[in-house]
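Residue numbers (the working numbering): -8 to 259. A short write-up of the structure that comes next.
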């Protein structure tokens, strides 16, 4: 009964309609597919998408194109010993791109009044939020891969460095999305009237701009310092130490958010 009623009720609460699946599926699979379609429908607002792109993807893409064409930036000299550097660069690109204005930073609030209805269903609500997180992370991963591969080709990186740049971007996407998705829940707003209200939560444009600028400066310093160490000392030793440090930092972030979502009471 829930499978038949869910599309009709959600379409009445929101303009996005979920069509029922005609083929026979197991109940859980059918419900999950309907939720996926519904969540993809939440992204059908062109104004929201344009504002998000202008504050996330556009600055990084524009900067990369200028550096590649106007300044003739070429990274052809980087080799396999610099794979760790490009991996870190990929993480930093993702962290700078996936910010409070990214899709993961507003994806829960896009539900509006529908979220209360979905929470009232006899389903695992944390499981539903986990599904939302995977959906938005996958969408952002595709976008990031296009960006970093494009940057790698434009700057003439060798294939191994393009690969590690892409892997770093995927790791950074996951970690940054965890932060912004959790932030969206903490600052949950289900009564917003325009996307700007969602993007400006927690400090406004100026504060968010300073955060982005600080992230860029820190990212440039870390990548530059890593590259200098690889050049000055044994690449094997430097890369090994860097990998251990990055794994420790990444694990700490994952454990922090795992404990947060495990212990939190999801009350609206």
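Cβ atoms here follow ideal geometry from the backbone N, Cα and C, with glycine treated the same way. Quick caveat: nothing in here was measured; it's all calculated off a predicted structure.
- In the three-state DSSP reduction, residue 253 falls in the helix class (H, G or I).
- Of all C-beta pairs linking the segment 224 to 241 to the segment 85 to 98, fewer than three are shorter than 8 Å, placing the two stretches out of contact.
- It is roughly 28 Å from the alpha-carbon of residue 236 to the alpha-carbon of residue 65.
- Ranked by Cα distance from residue 135, the first of 171, 83, 107 is 83.
- Between the segment 142 to 153 and the segment 208 to 225 there are fewer than three inter-stretch CB-CB distances shorter than 8 Å, so the stretches are not counted as touching.
- In the DSSP annotation of this structure, residue 149 is not part of any alpha helix (DSSP H), being labelled neither H nor E.
- A straight line joining the alpha-carbon of residue 252 with that of residue 163 spans about 19 Å.
- Going by C-alpha positions, residue 47 is about 30 Å away from residue 258.
- Note that the C-beta distance between residue 201 and residue 168 is not below 9 Å.
- Ranked by Cα distance from residue 233, the options 95, 23, 76, 38 are led by 76.
- For a cut-off of 8 Å, the C-beta gap from residue 151 to residue 71 is around 5 Å, short enough to register as a contact.
- If you ignore the 5 residues before and after residue 192, its C-beta comes within less than 6 Å of the C-beta of 178, all in its own chain and listed in chain order.
- The alpha-carbon separation between residue 110 and residue 120 amounts to approximately 10 Å.
- The three-state secondary structure of residue 97, taken from DSSP, is coil.
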